[in-house]
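Report on the structure given below.
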Amino acid sequence: MTDVHSTTSKAAPASEAADLDREATRPFGTGPAEAAESGSGGAPGGSATGAGWGRWAWRQLTSMRTALILLFLLALGSVPGSILPQQGSDPASVTQYFTSHPALAPWLNRLGLFNVFAAPWFAAIYILLFASLVGCVVPRTFKLVGSARTPPPRAPRNLTRLPQSVTYPSALPPDAAVDAAATVLGGQRFRLRRPAAGDAGHWLAAEKGYLREVGNLLFHLSLLGVLLSIALGGLFGYKADELVTEGQTFSDTTAQLAEFHPGRLVSGSDLAQFSLTLDKFTANYINSGASIGQPAEFNANVSYTTTPGGATKTDSIQVNHPLSVDSVKVYLIGHGYAPEFTVRGRGGVAYQEATPFIPANTNTMLSDGVVKAPSASLGFEGVFVPTAYMAGGTTLESIFPAANNPEVSLIGYSGNLGLNSGAPQSIYQLDTSQMTEIAGGPHLMTPGSTWTLPGKLGSITYDGTKQWVSLAITYDPGQIPALVCGILAIAGLLLSFFVRRRRVFVRALPGPDGVGSVVTVGGLTRTDASGGFEDEFANLAVDIADASSPSSPSSPSSPTAGPAASDDHQKPEPNNQSETGA
Amino acid sequence: MVFKAKRRTVVTTAAAVVVLLVAALVVTVFTHGNSSSASDDGNMVAYPAGHRPAAPDFAATSLTGAPINFASYRGKIVVLNVWGSWCAPCVGEGQTLKYLDEEYGPKGIAFLGDDIQDTPADALAFLRSAGITYPSVNDANGAVEQRLAIAVPISATPTTLVIDKTGHVAGVIEGAVTYPDMTTLLNDAAVTQ
């Protein structure tokens, strides 16, 4: 065989043969020119300096290193956002920070540290990161599309040098033998390449496993999809918090939500038009054993309407079991007690409300709150305990989180509550700077009891106890797309891991005595850790040999195997020169 | 090779264009912003005649239990104030609204409150102490406010709407009202097409 092969080699210039061999083993998934260009890079240069520097800057921006640095900066930039009070979420604390740090606060404000996520420098990092990722992924996508469309390389001269090869004589003339092989490989859905018109020789190049590039492409496109989904959520989604007491209703509007964090393109009229009533909240606690007092179950029974004036539906919201209403999810994120008070001043009832108290200790649900009755010039600071216990006869403590023995301890104040100035103030804080403490505090009260204030100031009655829940209302239109893109990205990654690009070449030369032909089949794959290609190639070689030997369709009569194979083989045996231990 | 190099340039240019478009979008969005400042003085929005959103009709009860049918206010300029006794800026603007009511009420301008997330006891105690006599809707569950918010943006409490004689919103003040802003809106509202 070798002498036949060498004669054909002489027909073509030696350099061309070397080129062809190099092309056959060029990296999978790259075009010939790209393979030659790969590895270029480095400093800007060239005659057109401006364009050179521009290209250099672009290459730096879209490099993996830059993306990682930007990601790190983004994380670093978010740190002040969690340490310092933020204008968007807690404007009252920002004001407080200004009064307590009069020298530092204006400087922090100039740097945008009270509104980090809207600061220009934060936007700069975000935009650069986005640009870096897009600039990396988009060209790569084009490249992958190109490589998925690249035809197989030309068959190399010497197929026996390939990792897998087999040679056998065929009764068919060379062109018919190659045609027969093409039918077999085409039937196996290989992409085929035949010599162009005018090319010498009878050969066939076949490549399979383009799904690998499809997987790669899918992965990169899905990555872009994830980015866009996150942007979608950031632009059109919103998050809001609301505190509702049993029996209370709220409607999903900007003015009624306690906290509202809209996406960049969300306005108040985009909110889902539902309203929700908290009918009853139940909390069950473990009442014996080592974990006594630990919560066992929370359940908020709610009724809601999806449109103003629509039909009322009921549901129950539990932890990790949100209510879905109009593509918005309503999560139960907190709970507490709301003692009901009636305050009477000189002009009659000045205040009658279940007043949410905020838990100071979530294990015992000892809670703090204030009552403001500005029209009676009265205010109260209170501590609520669900299961009261007098430690040492003097200190009020709570020994269990359930309202088994609720008591309230109040300190009363009379005077100006400061509400008339119009400056916003927290409903959980009492400004006592213009008030005087009423004698008799702290005054301990049980449900139903009334504290008649001295000096005919009025009275306060502790009517009973309700509970409140805090709800998180979230709308994220990017959630589902992000999930789908994430799954597709993983699917694409798996596809590109498990599908191999593999090439099979067939070359037929006229038989030694001018009858029939000598056919060589060679195979090549990139990585074959599982060794699957060996078997696939062996089967293909047998099929090709069968097809090109019509005289004995069952098995080729006396195939001559590759150089390493001995003559007594009945069937073509693949010649395993390398990659066995890969 | 030349062809390949050209294609690379095209690809790079395409990527750069995509990036620039996204950057432009992000910058636009960032500068667009939601600049709802919770300052003491409210932000005023005036709608010119012919471009006024229709105010929704509603039927509700007042804090004292009397029925309120908003449709019956048609033919009058209405000042509709969304408020709550728990809200300090609402308490702060109370005297301005009372003064406006005393000045413009005799001229045929109607004043109506929409008391949200409140209890009638708290609200009536405030109205009594402030000397405000115009009625307020008992809107504890916020249903009326929600209907209003669908028609015009209401981003905070208090928000005051001035509605013209044809039932269209002539202007909105978000945050506490000021006397000059209110007189401007009331003069605007007198002009209808």
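These protein sequence lines map, in sequence, to chains A and B. Sequential numbering from 887 applies to the first sequence in our numbering. Sequential numbering from 878 applies to the second sequence in our numbering. Glycine included, each C-beta is placed from N, C-alpha and C at the ideal position. All of these numbers come straight from a predicted model, not from anything done at the bench.
Which listed residue (the options) has its alpha carbon closest to that of residue i
| i | options | result |
| --- | --- | --- |
| A:Gln1320 | A:Gly1344, A:Ser1263, A:Lys1342, A:Ile1359 | A:Ser1263 |
| A:Pro1310 | A:Val980, A:Ile969, A:Val965 | A:Val980 |
| B:Ile1027 | A:Leu1157, A:Phe1146, A:Thr1046, A:Asn1187 | A:Leu1157 |
| A:Arg1232 | A:Asp1127, A:Lys1342, A:Thr1248, A:Gly1402 | A:Lys1342 |
| A:Leu1048 | A:Arg1393, A:Asn1247, A:Gly1364, A:Val1385 | A:Arg1393 |
| A:Ile1244 | A:Asn1425, A:Arg996, A:Tyr1314 | A:Tyr1314 |
| A:Val1355 | A:Asn1102, A:Met950, A:Phe984, A:Gln1134 | A:Gln1134 |
| A:Ser1300 | A:Asn1290, A:Phe1266, A:Ala1288, A:Phe1286 | A:Phe1266 |
| B:Ala931 | B:Ala937, B:Phe947, B:Thr941, B:Leu940 | B:Phe947 |
| A:Arg1387 | A:Lys1094, A:Val965, A:Thr1360 | A:Lys1094 |
| B:Glu979 | B:Gly969, B:Gly1008, B:Ala926, B:Leu1025 | B:Gly1008 |
| A:Gly1179 | A:Val1216, A:Phe1286, A:Pro1037 | A:Phe1286 |
| B:Asp934 | A:His1147, A:Val1214, A:Gly1195, A:Ser964 | A:Gly1195 |
| A:Leu1374 | A:Val1112, A:Ala1288, A:Ala1224 | A:Val1112 |
| A:Lys855 | A:Val1271, A:Phe1028, A:Glu1422, A:Thr1193 | With chain A running from 887 to 1468 in the structure shown, residue 855 of chain A is simply not present. |
| A:Ser1213 | A:Gly963, A:Ile1366, A:Ala1086, A:Glu1099 | A:Ile1366 |
| A:Thr1200 | A:Thr1193, A:Asn1187, A:Ser1210 | A:Asn1187 |
| B:Ala1010 | B:Tyr976, B:Pro966, B:Val1054 | Before going on, a small fix: residue 1010 of chain B reads as Thr here, not Ala. Out of B:Tyr976, B:Pro966, B:Val1054, B:Tyr976 has the C-alpha closest to the C-alpha of B:Thr1010. |
| B:Pro1030 | B:Gln994, B:Ser1013, B:Ala1017, B:Gly1048 | B:Gly1048 |
| A:Ala1062 | A:Gly1402, A:Asn1425, A:Glu1422, A:Asp1429 | A:Gly1402 |
| A:Asp1165 | A:Asn1185, A:Gly938, A:Leu1316, A:Ala991 | A:Asn1185 |
| A:Leu1109 | A:Ser968, A:Cys1022, A:Phe1000 | A:Cys1022 |
Status (buried if at least 16 other CB within 10 Å, exposed otherwise) for residue i
| i | result |
| --- | --- |
| A:Gly931 | At A:Gly931, the pLDDT of 49 sits below 50, so the modelled position is not reliable; the number obtained from the coordinates is stated separately. Exposed is the call here. |
| B:Asp1065 | buried |
| A:Thr1168 | exposed |
| A:His987 | exposed |
| A:Glu1183 | exposed |
| A:Thr1281 | exposed |
| A:Leu1296 | buried |
| A:Arg1035 | exposed |
| A:Tyr1082 | Note that residue 1082 of chain A is Ala in the sequence shown, not Tyr. Result: exposed. |
| A:Met1276 | exposed |
| A:Gly1208 | A small correction: the amino acid at residue 1208 of chain A is Pro; Gly does not occupy that position in the sequence shown. Burial call: buried. |
| A:Ser926 | Confidence in A:Ser926 is poor, its pLDDT being 40 and thus under 50, which makes the residue's placement unreliable; the coordinate value appears in the next sentence. Counting Cβ neighbours within 10 Å, A:Ser926 comes out exposed, since fewer than 16 surround it. |
| A:Trp1089 | buried |
| A:Thr1248 | exposed |
| A:Gln1050 | buried |
| A:Asn1173 | exposed |
| A:Asp1085 | exposed |
| A:Leu954 | exposed |
| A:Ser1115 | buried |
Unbroken beta strand (DSSP E) runs of length 3 or more, entirely within the region 1348-1415 of chain A: which are they?
Counting whole runs of 3 or more residues, the region 1348-1415 of chain A contains the beta strand (DSSP E) stretches 1388-1396, 1403-1411.
With a cut-off of 8 Å, do at least 3 Cβ pairs link the region 1002-1017 of chain A to the region 1037-1049 of chain A?
The answer is no - the region 1037-1049 of chain A does not touch the region 1002-1017 of chain A, with fewer than three Cβ pairs under 8 Å.
Name, going along the chain, the residues of the region 967-993 of chain B whose beta-carbon falls closer than 9 Å to a beta-carbon of chain A.
Taking 9 Å as the Cβ-Cβ cut-off, the region 967-993 of chain B approaches chain A at Cys967, Val968, Gly969, Glu970, Gly971, Gln972, Ile993, given in chain order.
Using a Cβ distance threshold of 8 Å, determine whether the region 982-1001 of chain B contacts the region 1110-1121 of chain A, with at least three qualifying pairs required.
Between the region 982-1001 of chain B and the region 1110-1121 of chain A, the count of Cβ pairs shorter than 8 Å is below three; the stretches do not touch.
Only counting runs of 4 or more residues, tell me where the alpha helix (DSSP H) segments fall wholly within the region 1074-1106 of chain A, in order along the chain.
Runs of the alpha helix (DSSP H) inside the region 1074-1106 of chain A: none found.
Pair every Cβ in the region 1252-1259 of chain A with every Cβ in the region 1320-1329 of chain A, then say whether three or more of these pairs are closer than 8 Å.
The count of Cβ pairs closer than 8 Å, one atom from the region 1252-1259 of chain A and one from the region 1320-1329 of chain A, stays below three, leaving the stretches out of contact.
In chain order, what are the residue ranges of uninterrupted beta strand (DSSP E) at least 3 long that sit wholly in the region 912-955 of chain B?
Taking only runs of at least 3 residues, the beta strand (DSSP E) segments lying wholly in the region 912-955 of chain B are 920-923, 936-938, 944-946.
When you compare the region 945-964 of chain B with the region 1036-1043 of chain B, are there three or more beta-carbon pairs, one atom per stretch, that lie closer than 8 Å?
Three or more beta-carbon pairs separated by less than 8 Å link the region 945-964 of chain B to the region 1036-1043 of chain B, which places the two stretches in contact.
At 3 residues or longer, and completely inside the region 963-1046 of chain B: list those beta strand (DSSP E) runs for me, N to C.
Runs of the beta strand (DSSP E) inside the region 963-1046 of chain B: 987-993, 1013-1016, 1036-1040.
Members of the region 1128-1151 of chain A near chain B, C-beta cut-off 7 Å
Listed by position along the chain: Thr1135, Phe1136, Ser1137, Thr1139, Thr1140, Ala1141, Gln1142, Pro1148, Arg1150, Leu1151.
Could you say if the region 1096-1105 of chain A and the region 1379-1387 of chain A meet the contact criterion of at least three C-beta pairs nearer than 8 Å?
With the rule of 3 Cβ pairs closer than 8 Å, the region 1096-1105 of chain A counts as touching the region 1379-1387 of chain A.
With three or more beta-carbon pairs closer than 8 Å as the criterion, would you say the region 1329-1343 of chain A touches the region 1290-1305 of chain A?
Output reads yes: the region 1290-1305 of chain A touches the region 1329-1343 of chain A.
Assess, as a yes-or-no matter, whether the region 936-956 of chain A is touched by the region 1017-1028 of chain A under the definition of 3 or more beta carbon pairs within less than 8 Å.
Taking 8 Å as the limit for Cβ pairs, the verdict is that the region 936-956 of chain A does touch the region 1017-1028 of chain A.
Is there contact between the region 1345-1362 of chain A and the region 1206-1223 of chain A, where contact requires at least three CB pairs shorter than 8 Å?
The answer is yes - the region 1206-1223 of chain A touches the region 1345-1362 of chain A, with three or more Cβ pairs under 8 Å.
If contact means a Cβ-Cβ distance below 7 Å, which residues of the region 940-970 of chain B contact chain A?
If the cut-off is 7 Å between Cβ atoms, the region 940-970 of chain B has Val959, Trp963, Ala965, Pro966, Val968, Gly969, Glu970 near chain A.
Within 9 Å of chain B by C-beta, residues of the region 1235-1256 of chain A in sequence order:
Against chain B - using a Cβ distance shorter than 9 Å - the residues of the region 1235-1256 of chain A are Val1235, Ala1236, Tyr1237, Gln1238, Glu1239, Ala1240.
Extract the residue ranges of the alpha helix (DSSP H) inside the region 924-1003 of chain A, only unbroken runs of 4 or more that lie entirely within it.
Counting only runs of 4 or more, we get 935-947, 950-969, 977-986, 990-996.
In chain order, each beta strand (DSSP E) run of at least 3 residues that lies wholly inside the region 1157-1216 of chain A:
If only uninterrupted beta strand (DSSP E) runs of at least 3 residues are considered, those enclosed by the region 1157-1216 of chain A are 1161-1171, 1181-1191, 1199-1203, 1209-1211.
Let me know the beta strand (DSSP E) ranges lying completely inside the region 1248-1277 of chain A, each 3 residues or longer, listed in chain order.
Whole beta strand (DSSP E) segments, 3+ residues: 1252-1259, 1264-1271, 1274-1277.
Which complete alpha helix (DSSP H) runs does the region 1276-1346 of chain A hold, if anything under 4 residues is left out?
The region 1276-1346 of chain A contains no whole alpha helix (DSSP H) run of 4 or more residues.
Going along the region 1300-1329 of chain A in order, which residues come within less than 7 Å of chain B, judged by CB to CB distance?
Residues are counted here when their Cβ sits less than 7 Å from a Cβ of chain B; for the region 1300-1329 of chain A these are Leu1305, Asn1306, Ser1307, Gly1308, Ala1309, Pro1310, Gln1311, Ile1313, given in chain order.
Taking any Cβ of chain A, which residues in the region 1018-1052 of chain B have a Cβ under 7 Å from it, in chain order?
Listed by position, the residues of the region 1018-1052 of chain B near chain A (Cβ gap below 7 Å) are Asn1018, Gly1019, Ala1020, Glu1022, Gln1023, Arg1024, Ala1026, Ile1027, Pro1030, Ile1031, Ser1032, Ala1033, Thr1034, Thr1036.
In chain order, what residues of the region 1255-1270 of chain A put their CB closer than 8 Å to some CB of chain B?
Of all residues in the region 1255-1270 of chain A, only Lys1258, Ala1259, Pro1260, Ser1261, Ala1262 place a beta-carbon less than 8 Å from a beta-carbon of chain B.
Just by C-beta distance, which residues in the region 1073-1106 of chain A are closer than 7 Å to chain B?
Residues: none.
Pull out every residue of the region 1018-1038 of chain A whose Cβ sits closer than 7 Å to any Cβ of chain B, in chain order.
Within the region 1018-1038 of chain A, the qualifying residues are Val1020, Gly1021, Val1024, Pro1025, Phe1028.
Please list, in chain order, the residues of the region 997-1016 of chain B that have any C-beta partner in chain A closer than 7 Å.
Hits within the stretch, in order: Ala998, Asp999, Ala1002, Phe1003, Arg1005, Ser1006.
What residues from the region 1212-1233 of chain A come within 8 Å of chain B, judged by C-beta to C-beta, listed N to C?
Per Cβ criterion, the list reads Thr1228, Gly1231, Gly1233.
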